[in-house]
Amino acid sequence: MLIIRRKKKKERERRIRKLLREGVGERDADKRRMLRAVQKRCASTAPLIRPIQRVLVANRGEIAIRVQNTARKMGIETVAVFSDADRNSLFVKKADKAFHIGPPLAAESYLNMDKIINTAIRSGAQAIHPGYGFLSENAGFADRCAQAGLVFIGPPAQAIRDMGAKNVSKQIMEDAKVPVVKGFHGEDQSDANLKKKSQEIGYPVMLKAVYGGGGKGMRIAWNEAEFDEKLASARNEAKKSFGNDEMLVEKFVEKPRHVEVQVFGDHHGNYVHLWERDCSVQRRHQKIIEEAPAPNMAHETRLKLGESAVRAAAAVGYVGAGTVEFIMDPRGEFFFMEMNTRLQVEHPVSEAITGTDLVEWQLRVAQGEKLPLKQSEIPLNGHAFECRVYAEDTRKGAFMPTAGRLNYVDFPEDARIDTGVVSGDEVSIHYDPMIAKVVVWGKDRNVAAAKLESALARTRISGLPTNIDFVRRVLAHPEFAAGNVYTDFIPDHHEELFADSETPAEIYVESAIAHALSTLKKSDAGVFQNLSFFRINVAPKYVFKIDGKDVTVRFDSENRLTVSYDGNSYETLLNDIEAIGDNEFKFTLEANGRRWSTVVKDLPETLMVNGVGQNEYATPAVYEAFDSLAGGAASHSAVAPMPGIIEKILVKPGDQVTTGQALVVMTAMKMEYIIRAPEDSTIEHIKCQAGKNVPKNAVLVQFA
498 MLIIRRKKKK ERERRIRKLL REGVGERDAD KRRMLRAVQK RCASTAPLIR
548 PIQRVLVANR GEIAIRVQNT ARKMGIETVA VFSDADRNSL FVKKADKAFH
598 IGPPLAAESY LNMDKIINTA IRSGAQAIHP GYGFLSENAG FADRCAQAGL
648 VFIGPPAQAI RDMGAKNVSK QIMEDAKVPV VKGFHGEDQS DANLKKKSQE
698 IGYPVMLKAV YGGGGKGMRI AWNEAEFDEK LASARNEAKK SFGNDEMLVE
748 KFVEKPRHVE VQVFGDHHGN YVHLWERDCS VQRRHQKIIE EAPAPNMAHE
798 TRLKLGESAV RAAAAVGYVG AGTVEFIMDP RGEFFFMEMN TRLQVEHPVS
848 EAITGTDLVE WQLRVAQGEK LPLKQSEIPL NGHAFECRVY AEDTRKGAFM
898 PTAGRLNYVD FPEDARIDTG VVSGDEVSIH YDPMIAKVVV WGKDRNVAAA
948 KLESALARTR ISGLPTNIDF VRRVLAHPEF AAGNVYTDFI PDHHEELFAD
998 SETPAEIYVE SAIAHALSTL KKSDAGVFQN LSFFRINVAP KYVFKIDGKD
1048 VTVRFDSENR LTVSYDGNSY ETLLNDIEAI GDNEFKFTLE ANGRRWSTVV
1098 KDLPETLMVN GVGQNEYATP AVYEAFDSLA GGAASHSAVA PMPGIIEKIL
1148 VKPGDQVTTG QALVVMTAMK MEYIIRAPED STIEHIKCQA GKNVPKNAVL
1198 VQFA
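The numbering used here numbers the first residue of the sequence shown as 498 and each following residue consecutively.
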């Protein structure tokens, strides 16, 4: 085993000094102090560098497969670790070796450092790739890897510590002259002091967990009246997610954009950025649509943004892939928000516009190689989008995660699909409900957006509700099309995005005909001549209940049909009927002045129809859906919207409560939820206990 200290340390320090002094006077005392701190960190850290023939991926799902694919391309063997819940998952099957590490609970499997490090040693791996989430930003884990003689494919532990503590990172950025938002990140963490600092900063303020990420432990206090409740909620969620409830307070920038820069550093003091991404379209502070480059940004601003991000990376002696996140106000001014010391979920859009493989860069840098490209050699070509496809119920803006079996999944072949699931897999309540990432590239933003819309229209997922229809509504919104995106885009356009729209006649036509052809296919009339094609030799008439309407399909001839509902009739031409797979067929329709193709998948309990619309019709499919947080039947009770753990009970029998008042705090799927009173009521009984698990729809509070 070869342990090599940083090569050419003097040259590295010279480069860092040059980067940090860009645009700053030689007599700047803060700069000199920061330089000395960087030099001290560089001198005290001795990264482990060695050739890698086998890498253990300490993660699951699509990111595990993403790392496996690149490692395999480079001739590096991969090792998977899996919990009970993931025993039959795709990433386990794709690995060269796989080891069981415990029960589904992440703390006993994917967050168990001892098990993962021991497994890496046992498997003969030389390195561990943490992916994102779990242990990817855990400085203690990076240290433990080095102590065990394992390469941690990520930045130095000290950089993780510096950037993981938001109060420390803010100070480092201020010293490096990276723009930061006005705020408080001091040691006095008393509620009273945080409230006082919020008053000094001026409402609204953002309360953020010092060791947070992923939108957890984050709340906006719009005024002093709601400060206490928001602080308590943020602290509780931070404690549960990160084991630390320290908070920082920042001035909340209204109508901000979330713009982040992909940066990379190596062991030789080289730093580059790979342009920026805009991740402003979010729900629950979590991203849905990411794009690169950011729309409507002046090139001068783009260059300044990249330079600031490189300066930030150099300030902590960064090595590997990282993301410097900024918020940008409507005037185009940007401010440092945080640095994610890992590969990001949305890294594929940066790869698409630069023609790079960032995982390959990670693996090469971890073995001591220099960055493959200099800053001047990194292109910016076209535009890319990524959509995160989640198992969630988006009705009325609830965005409630769902869990259960994916009866069928099918993705288009002309888009990049990063996924860890296949038909029949489960979306577990123990982990993130993301099903896949759909990534597209086009020569410009309009072309890329059209490709994303097309790809989502051809994505078929059965068994659980998804956010696909909602994302397609966002893509169709004129403000999104114009590039006018910001973090409150969804709530500000809630009325249009969640409006009840009239179902087009074409959807009733295609769905009714799909039902009819499926019925004929299953009949004993012998209407299917063979598996490759069939023709209709009877003239039946069917009535189907579709979205509450009685829709009639009459076969007037072999290819002429009449579809009727609500007193309207549509003469329809049916052509090109073709069986294309197991229980799957397609056909072409012409009706109402329009011609289109429809694909139908006949599943055991549902019929999937993809054409003008994306619809699934039951014999009802069973899935776990999480309804609104408001509560139970006839408003006589408040119920659990999903399985979870009761954290706090905020009321007692006899209390008078008002509409919207917080009653119970529970956690589920790594998020905190507050159950509120649906109306003015009196509490009669408390039906739950703090610290206890509750199933979905369990009555938590009974009203008089």
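C-beta: ideal position from N, C-alpha, C; glycine also.
What you are looking at is a predicted structure, and each value in this text was computed from that prediction instead of being measured.
Ends of the alpha helix (DSSP H) at Lys-736?
-> In the sequence shown, the residue the question calls residue 736 occupies position 239. Unbroken alpha helix (DSSP H) run through Lys-736: 724–739.
Coil, strand or helix - Gly-558 by DSSP | As a working note, residue 558 is residue 61 in the sequence shown. Correct three-state label for Gly-558: helix.
Classification of Glu-1176 by the beta-carbon crowding that lies within 10 angstroms, buried from 16 upward | Working through the sequence shown from its first residue, we reach residue 1176 at position 679. Glu-1176 is exposed by the Cβ-count criterion.
Thr-575 (DSSP reduced to helix, strand or coil) = Counting from 1 along the sequence shown, the entry for residue 575 is found at position 78. In the structure shown, the three-state DSSP call for Thr-575 is strand.
Report the three-state DSSP secondary structure of His-597 (helix, strand or coil).
-> The sequence position of residue 597 within the sequence shown is 100, counting from 1. In the structure shown, His-597 sits in a strand (DSSP, three-state: E or B).
Tell me His-880's beta-bridge partners as DSSP assigns them.
-> Here the question's residue 880 lines up with position 383 in the sequence shown. Bridge partners of His-880: Gly-939.
Which whole-angstrom value is the C-beta distance of Lys-663 and Val-677, which I expect to be below 8 angstroms?
-> If you number the sequence shown from 1, residue 663 lands on position 166. If you number the sequence shown from 1, residue 677 lands on position 180. Contact doesn't hold; Cβ gap of about 11 angstroms is too wide.
Have a look at Pro-876 and Ser-847 and give me their C-alpha separation to the nearest angstrom.
-> Counting from 1 along the sequence shown, the entry for residue 876 is found at position 379. Counting from 1 along the sequence shown, the entry for residue 847 is found at position 350. Distance between the alpha carbons of Pro-876 and Ser-847: 11 angstroms.
When the distance is taken between beta carbons, is Phe-977 closer than 9 angstroms to Thr-1209?
-> The requested residue 1209 does not occur in the structure, where the chain is confined to residues 498 to 1201.
Kindly indicate the opening and closing residues of the beta strand (DSSP E) around Val-1097.
-> Walking along the sequence shown from the start, residue 1097 turns up at place 600. 1091–1099 is the span of the beta strand (DSSP E), which, as asked, contains Val-1097.
Does the beta-carbon distance from Leu-1197 to Val-1154 come in below 9 angstroms?
-> Walking along the sequence shown from the start, residue 1197 turns up at place 700. Walking along the sequence shown from the start, residue 1154 turns up at place 657. The Cβ atoms of Leu-1197 and Val-1154 do not sit closer than 9 angstroms to each other.
For Ser-687, count neighbouring Cβ atoms within 10 angstroms of its own Cβ and tell me buried if that reaches 16, exposed if not.
-> As a working note, residue 687 is residue 190 in the sequence shown. Exposed, by the Cβ-count rule.
Just how far apart, CA to CA, sit Ala-895 and Val-1060?
-> The residue labelled residue 895 in the question sits at position 398 within the sequence shown. The residue labelled residue 1060 in the question sits at position 563 within the sequence shown. Going by C-alpha positions, Ala-895 is about 35 angstroms away from Val-1060.
Could you give the distance in angstroms between the alpha-carbon of Ala-918 and the alpha-carbon of Val-937?
-> On the sequence shown, residue 918 is found 421 positions in, with the first residue counted as 1. On the sequence shown, residue 937 is found 440 positions in, with the first residue counted as 1. Looking at the sequence itself, residue 918 is Val, so the reference to Ala does not match. As the crow flies, the alpha-carbon of Val-918 is around 19 angstroms from that of Val-937.
At 3 residues or longer, and completely inside the stretch 738–811: list those beta strand (DSSP E) runs for me, N to C.
-> The qualifying runs are 744–748, 754–762, 768–780, 783–789.
Can you name, in chain order, every residue of its own chain whose Cβ lies under 8 angstroms from the Cβ of Arg-619, other than the five neighbours on each side?
-> For the purposes of this step, residue 619 is taken as residue 122 along the sequence shown, with counting starting at 1. Cβ neighbours of Arg-619 within its own chain (closer than 8 angstroms, five residues either side excluded): Phe-596.
For Ile-958, the first and last residue of its enclosing beta strand (DSSP E) = In the sequence shown, counting from the first residue as 1, residue 958 sits at position 461. Residue range 957–959 is occupied by the beta strand (DSSP E) that includes Ile-958.
Through-space distance from Asn-741 to Val-807, alpha-carbon basis | For this step, residue 807 is matched to residue 310 along the sequence shown. For this step, residue 741 is matched to residue 244 along the sequence shown. Between the C-alpha atoms of Val-807 and Asn-741 there is a straight-line separation of about 29 angstroms.
From the DSSP output, which residues share a beta bridge with Ile-1146?
-> Position 649 of the sequence shown, counted from the start, is the residue given in the question as residue 1146. DSSP, once it has assigned bridges, lists Val-1161 as partnering Ile-1146.
CA-to-CA distance, Thr-567 to Ile-920, given in whole angstroms = Indexing the sequence shown from 1 puts residue 920 at position 423. Indexing the sequence shown from 1 puts residue 567 at position 70. The sequence given here has Ser at residue 920, not Ile. Cα-Cα distance, rounded: 24 angstroms.
Output the distance between the C-alpha atoms of Ile-987 and Tyr-887, rounded to the nearest integer angstrom.
-> On the sequence shown, residue 987 is found 490 positions in, with the first residue counted as 1. On the sequence shown, residue 887 is found 390 positions in, with the first residue counted as 1. One C-alpha to the other measures close to 16 angstroms.
Where the beta strand (DSSP E) through Glu-1081 begins and ends | On the sequence shown, residue 1081 is found 584 positions in, with the first residue counted as 1. First-last of the beta strand (DSSP E) with Glu-1081: 1081–1088.
Considering only the beta carbon of each residue, do Ala-582 and Lys-594 sit closer than 9 angstroms?
-> Here the question's residue 582 lines up with position 85 in the sequence shown. Here the question's residue 594 lines up with position 97 in the sequence shown. Not closer than 9 angstroms, so no.
Is Phe-995 helix, strand or coil by DSSP?
-> On the sequence shown, position 498 is the one that residue 995 refers to. Phe-995: coil per DSSP, three-state reduction.
Opening and closing residue of the alpha helix (DSSP H) in which Gly-661 lies = Here the question's residue 661 lines up with position 164 in the sequence shown. Unbroken alpha helix (DSSP H) run through Gly-661: 654–661.
Local conformation of Asn-635 per DSSP, three classes | Stepping through the sequence shown from its first residue, residue 635 is reached at position 138. Three-state DSSP puts Asn-635 in coil, outside helix and strand.
Is the beta carbon of Gly-1151 less than 9 angstroms from the beta carbon of Arg-1173?
-> Taking the sequence shown and counting its residues from 1, one reaches residue 1151 at position 654. Taking the sequence shown and counting its residues from 1, one reaches residue 1173 at position 676. No; because the gap between Cβ atoms is not below 9 angstroms, this pair is not in contact.
Give me the Cα-Cα distance between Val-1119 and Gly-960, rounded to the nearest whole angstrom.
-> In the sequence shown, the residue the question calls residue 1119 occupies position 622. In the sequence shown, the residue the question calls residue 960 occupies position 463. With a pLDDT of 25 at Val-1119, under the threshold of 50, the modelled position of this residue cannot be trusted; read the value that follows with caution. For Val-1119 and Gly-960, the distance between alpha carbons rounds to 7 angstroms.
Span of the alpha helix (DSSP H) around Thr-616 = Counting from 1 along the sequence shown, the entry for residue 616 is found at position 119. Here the alpha helix (DSSP H) through Thr-616 covers 610–620.
Any idea if Gly-1023 is buried or exposed, counting beta-carbon neighbours within 10 angstroms, 16 or more meaning buried?
-> Taking the first residue of the sequence shown as 1, we reach residue 1023 at position 526. Residue placement at Gly-1023 is poorly supported in this model, since its pLDDT is 40, which falls under 50; the coordinates are not used for a value here.
For Lys-591 versus Thr-575, is the C-beta distance shorter than 9 angstroms?
-> Here residue 591 is taken as the residue at index 94 of the sequence shown, counted from 1. Here residue 575 is taken as the residue at index 78 of the sequence shown, counted from 1. Cβ atoms of Lys-591 and Thr-575: closer than 9 angstroms.
Using 8 angstroms as the Cβ pair cut-off and three pairs as the minimum, do the stretch 760–778 and the stretch 719–728 touch?
-> Proximity of the stretch 760–778 to the stretch 719–728 falls short of the contact definition, fewer than three beta-carbon pairs being nearer than 8 angstroms.
Is Ser-606 helix, strand or coil when you go by DSSP?
-> Taking the first residue of the sequence shown as 1, we reach residue 606 at position 109. The three-state secondary structure of Ser-606, taken from DSSP, is coil.
Residue nearest to Leu-903 in terms of C-alpha spacing, selected from Ser-925, His-991, Arg-913 | Counting from one through the sequence shown, the residue named residue 903 turns up at place 406. Residue nearest to Leu-903 within the set Ser-925, His-991, Arg-913 is Ser-925 (criterion: CA-CA distance).
Between Ala-811, Ile-958, Ala-979, Lys-713, which lies nearest to Arg-732 when the distance is taken from Cα to Cα?
-> Numbered from 1 along the sequence shown, position 235 holds the residue referred to as residue 732. If we check each option's Cα against that of Arg-732, Lys-713 comes out closest.
Reducing DSSP to helix, strand and coil, say where Gln-565 ends up.
-> Here residue 565 corresponds to residue number 68 of the sequence shown, with the count starting at 1. In this structure, Gln-565 counts as helix in the three-state DSSP scheme.
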